[in-house]
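Encoded as structure tokens, the structure appears first; notes follow it.
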Amino acid sequence: MIIAIDGPAGSGKSTTAKAIAHKLGLKFIDTGAMYRAITLKFIQSDVDLSDIDKLKKILGETRIDFKESEDQLSVYMDGVDVTESIRSKEVTELVSQVSVIPEVRNALVPVQRKLAEGEDVVAEGRDIGTVVFPEAELKIFMVASETERAKRRLKEMQEKRIKIDYEEVQESIKMRDTIDSTRVHSPLTKAPDAVEVDTTNLTFEEQVNLIITLYKSRAAVNFKG
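And the structure:
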């Protein structure tokens with residue numbers, strides 16, 4: 033069974049999906065981390081994002097892996113742990129530009145599908161229920177007010193000791209929303225059969241438990257069928 037969780041930046045997708053996967057014993061696929069990892073690789077390679085041939089070459093040579101421990105999902109790029117570095121301010125500012133490049137999405141979507149083969153998974157991103165796993169049994173579209181999302185993202189970055197102020201975070205979220213929702217290739221959009229979950233006024237435990245309840249309901253229906 034696949035739980036597909038989509039939504040805009042700062043809506044709580046990653047932390048919620050990770051907690052759900054842990055509680056239910058499912059595999060967690062963090063597609064956002066994959067786009068961040070390849071963004072980091074482009075930065076390290078000092079490549080011009082308009083040089084599509086060079087981008088395709090790098091994509092073909094880069095390997096992204098996940099390693100799960102009891103309390104953390106670590107991201108490895110070419111054998112190096114990049115879990116922390118992909119959350120840097122530099123990567124955060126560029127990842128929205130990288131994620132709109134069709135060649136990047138065309139390269140990563142098959143990898144995401146491969147990770148889910150033969151597994152019960154929780155996958156999060158911005159096109160999981162519409163493009164990556166359109167057949168997912170449970171689709172969630174998480175939303176929250178722009179103010180709340182900016183507060184959450186600021187807290188997350190401050191915890192990582194990244195120097196940034198609220199206005200910068202808010203502007204970054206506005207820009208990301210615009211890019212994600214207007215891009216031609218795999219835009220951020222709610223799947224027709226997705227359940228919208230507004231987390232603005234929910235505690236973390238409340239949103240996790242709500243989705244788990246939905247999962248158990250769908251799982252019971254599938255089992256009977």
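Position in the sequence shown counted from 1, then plus 32, gives you our numbering.
Cβ atoms here follow ideal geometry from the backbone N, Cα and C, with glycine treated the same way.
{"Asked": "Which residues in the same chain have their Cβ closer than 6 Å to the Cβ of I96, if we skip the five residues on either side of it in sequence?", "Found": "M66, A69 and M109"}
{"Asked": "How big is the Cα-Cα spacing for G150 and T124?", "Found": "32 Å"}
{"Asked": "Should the segment 213 to 226 be called in touch with the segment 75 to 88, which here means at least 3 C-beta pairs below 8 Å?", "Found": "no"}
{"Asked": "Would you call I35 buried or exposed, if buried means 16 or more other Cβ atoms sit within 10 Å of its Cβ?", "Found": "buried"}
{"Asked": "Below 8 Å on the Cβ atoms is my guess for T115 versus S128; work out the distance and round it to an integer in Å.", "Found": "In fact, because the Cβ distance is near 20 Å, the residues do not count as touching under 8 Å."}
{"Asked": "Where T235 and K88 are concerned, what is the direct C-alpha to C-alpha distance, given to the nearest angstrom?", "Found": "42 Å"}
{"Asked": "Is it buried or exposed for Y247, if we count other Cβ within 10 angstroms and need 16 for buried?", "Found": "buried"}
{"Asked": "Could you work out which residue in K59, A176 and K187 is closest to V229 when comparing CA atoms only?", "Found": "A176"}
{"Asked": "Are the beta-carbon atoms belonging to G161 and D62 less than 9 Å from one another?", "Found": "no"}
{"Asked": "Please report how far the alpha carbon of K100 lies from the alpha carbon of I243, in whole angstroms.", "Found": "Reading off the sequence, residue 100 comes out as Glu, not Lys. Cα to Cα, E100 sits roughly 22 Å from I243."}
{"Asked": "Under three-state DSSP, which class holds G161?", "Found": "helix"}
{"Asked": "Along the chain, where does the beta strand (DSSP E) that runs through S204 open and close?", "Found": "First-last for S204: Y198 to T214, but that is the alpha helix (DSSP H), not the beta strand (DSSP E)."}
{"Asked": "Taking the straight line between their C-alpha atoms, what separation do you get for E178 and G44?", "Found": "12 Å"}
{"Asked": "Which stretch, first to last residue, makes up the beta strand (DSSP E) that contains S177?", "Found": "That residue, S177, is in no beta strand (DSSP E); it is neither H nor E in DSSP."}
{"Asked": "How would you call Q239, buried or exposed, if buried means at least 16 neighbouring beta carbons within 10 angstroms?", "Found": "buried"}
{"Asked": "Quick one: complete beta strand (DSSP E) runs, 3+ long, within the segment 45 to 86?", "Found": "59 to 62"}
{"Asked": "Candidates A223, K195 and S218: which alpha carbon is nearest F173's?", "Found": "A223"}
{"Asked": "What is the DSSP secondary structure of K171, reduced to helix, strand or coil?", "Found": "strand"}
{"Asked": "For the putative contact between S46 and E156, defined by C-beta atoms under 8 Å, what is the C-beta separation to the nearest angstrom?", "Found": "6 Å"}
{"Asked": "For Q190, count the other beta carbons within 10 Å of its own beta carbon; 16 or more makes it buried, fewer makes it exposed. Which is it?", "Found": "exposed"}
{"Asked": "Below 6 Å CB to CB, which residues in the same chain sit around E180 once its five sequence neighbours on both sides are set aside?", "Found": "T232"}
{"Asked": "Quick check on the burial criterion: 16 or more other C-beta atoms within 10 angstroms. Buried or exposed for P40?", "Found": "buried"}
{"Asked": "Report buried or exposed for T48, applying the criterion of at least 16 other Cβ atoms within 10 angstroms of its Cβ.", "Found": "buried"}
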